[in-house]
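Protein chains: 2
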Amino acid sequence: MKFCTHCGNSVVLRIPAGDDRERFVCSSCELIHYTNPRVIVGCVPVYEGKVLLCKRAIEPRKNYWTLPAGFMENGETSVQGAARETWEEARARVSNIDLYRVFDVPYISQIYMFYRCDLDHGEHAAGPESLETGLYDESTVPWDDIAFPVITQTLKEYFADAAAGHYPVRVSAIEYRPRR
Amino acid sequence: MKFCTHCGNSVVLRIPAGDDRERFVCSSCELIHYTNPRVIVGCVPVYEGKVLLCKRAIEPRKNYWTLPAGFMENGETSVQGAARETWEEARARVSNIDLYRVFDVPYISQIYMFYRCDLDHGEHAAGPESLETGLYDESTVPWDDIAFPVITQTLKEYFADAAAGHYPVRVSAIEYRPRR
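Each protein sequence line maps, in turn, to chains A and B.
Basically my numbering = 1-based index in the first sequence + 1.
Basically my numbering = 1-based index in the second sequence + 1.
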């Protein structure tokens, strides 16, 4: 960040009065520009025990498989955002949407929220950001070609929880850098 | 937003190619400026069945009572943020921190995450943003002087859950505007 969004003059990085960390502050109008973590919302859509995955058509991790997920937008709820991303990436409608998994990823200032849900009628198709979509059980998931560690972990937990018949909400942090 | 953070020229509100909603886009360098919901993290600190509340020293809702909470910062986890805010506002250390309550507040593009936790040694004191702090059971909570509807709802649910002995993670949206 180099310039103030309000007056267009240059910003400097300093600790504002009464604060305890550096912020970008306008050298002219003194507006403080806060930046905060972004929320990524997604779904674990399930149909007849199988989970819906999408093969990514875009970088990063093009050609690798993921759960439908993306940045939460202003003006929507996290549940609406998770359902929207599932429509956009997998042309799938979902219902019975329950919070299932939260991952903090502090080194990139992101927080992931995955919702477990039913895939309506088992219907899905590739949206513009996906090359293909498919339903997978534990034995057929392309485990060696999953896009991100949070997806692998969520899928492993899901299949274990499904076998046990209960689905606790888990929160943990990803402290390492995913392979790229 | 009027000016580009990267080059200082003016921005315009338009739908970028491949997108489906308006963004601020620089008229010169074409940088797209995304804005996303902010996360507010907080705690429900409990000691001997009583919940720690803070009387607000700042607007909005100065002189009203709240749970310790505030904006999640870049580079921290949601759990770390909730504990940090509890220290800043109530000079309290907490442990056994478990996700308890999520509120989406889409009309102000915020998402609240409250963590249930133990208040270490029952120790607390007013931080700079609080006038006083105190431990309250259900019968002594100042119900008529709670700062925000999400706080009232979280406290009511907490005392009911404590009586029942189990603490499901709940997610819901606040669709109305709180009194101010």
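For glycine and all other residues, C-beta sits at the position ideal for the given N, C-alpha and C.
Given that residue i touches chain B, what residues does it touch there, using C-beta distances under 7 Å?
i, result
"residue 110 (chain A)", "75 and 76"
"residue 39 (chain A)", "37"
"residue 185 (chain A)", "Any property of residue 185 (chain A) remains undetermined from this structure, which presents chain A solely from 2 to 181."
So residue i contacts chain B; which residues on that side make the cut at Cβ distance below 9 Å?
i, result
"residue 100 (chain A)", "100, 103, 170, 171 and 172"
"residue 95 (chain A)", "Residues of chain B passing the Cβ test: none, with the nearest at roughly 15 Å."
Can you pull the chain A residues whose beta carbon is under 9 Å from the beta carbon of residue i, in chain order?
i, result
"residue 56 (chain B)", "Within 9 Å Cβ-Cβ: nothing; residue 56 (chain B) doesn't reach chain A, min ~19 Å."
"residue 7 (chain B)", "2, 3 and 4"
On the CB-based measure, 16 or more other CB atoms within 10 Å of its CB, does residue i come out buried or exposed?
i, result
"residue 9 (chain B)", "buried"
"residue 2 (chain B)", "exposed"
"residue 86 (chain A)", "buried"
"residue 129 (chain B)", "exposed"
"residue 27 (chain A)", "buried"
"residue 61 (chain B)", "exposed"
"residue 125 (chain B)", "buried"
"residue 159 (chain B)", "buried"
"residue 102 (chain B)", "buried"
"residue 30 (chain B)", "exposed"
"residue 90 (chain B)", "buried"
"residue 107 (chain B)", "buried"
Please determine whether the Cβ atom of residue i lies at a distance below 7 Å from any heavy atom of the ligand HEM.
i, result
"residue 19 (chain A)", "Ligands displayed in this structure: none; no statement on the ligand HEM is therefore possible."
How many angstroms separate the CA atom of residue i from the CA atom of residue j?
i, j, result
"residue 95 (chain B)", "residue 120 (chain B)", "5 Å"
"residue 171 (chain B)", "residue 141 (chain A)", "32 Å"
"residue 115 (chain B)", "residue 105 (chain B)", "12 Å"
"residue 16 (chain B)", "residue 32 (chain B)", "12 Å"
"residue 76 (chain B)", "residue 174 (chain A)", "11 Å"
"residue 97 (chain B)", "residue 123 (chain A)", "40 Å"
"residue 71 (chain A)", "residue 36 (chain B)", "14 Å"
"residue 138 (chain B)", "residue 73 (chain B)", "28 Å"
"residue 7 (chain B)", "residue 7 (chain A)", "13 Å"
"residue 82 (chain A)", "residue 113 (chain A)", "12 Å"
"residue 136 (chain A)", "residue 162 (chain A)", "18 Å"
"residue 53 (chain B)", "residue 99 (chain B)", "16 Å"
"residue 145 (chain A)", "residue 154 (chain A)", "13 Å"
"residue 109 (chain B)", "residue 79 (chain A)", "13 Å"
"residue 1 (chain A)", "residue 143 (chain A)", "Nothing in the structure corresponds to residue 1 (chain A), since chain A is present only between 2 and 181."
"residue 167 (chain B)", "residue 92 (chain A)", "37 Å"
"residue 48 (chain A)", "residue 19 (chain B)", "30 Å"
"residue 164 (chain B)", "residue 21 (chain B)", "47 Å"
"residue 157 (chain A)", "residue 176 (chain A)", "19 Å"
"residue 118 (chain B)", "residue 117 (chain A)", "25 Å"
Once the 5 residues before and after residue i are set aside, which same chain residues still bring their CB inside 6 Å of it?
i, result
"residue 132 (chain B)", "56 and 58"
"residue 127 (chain A)", "133 and 134"
Which residues of chain B have a Cβ atom closer than 8 Å to the Cβ of residue i, listed in chain order?
i, result
"residue 80 (chain A)", "105, 172 and 174"
"residue 22 (chain A)", "74"
With a CB to CB cut of under 7 Å and the five nearest residues on each side skipped, what residues in its chain are close to residue i?
i, result
"residue 12 (chain A)", "2, 3, 4, 5, 25, 26, 27, 28 and 34"
"residue 111 (chain A)", "38, 39 and 41"
Within the same chain, show all residues whose beta-carbon is closer than 8 Å to that of residue i, passing over the 5 residues directly before and after it, in chain order.
i, result
"residue 23 (chain A)", "14, 15 and 16"
"residue 50 (chain A)", "138 and 163"
"residue 169 (chain B)", "162"
Taking contact to mean 3 or more Cβ pairs, one atom from each stretch, closer than 8 Å, check whether the segment 32-51 of chain A and the segment 85-100 of chain A are in contact. yes
Segment contact flag, the segment 65-75 of chain A with the segment 133-151 of chain A, C-beta cutoff 8 Å, min 3 pairs: Touching, per the Cβ criterion.
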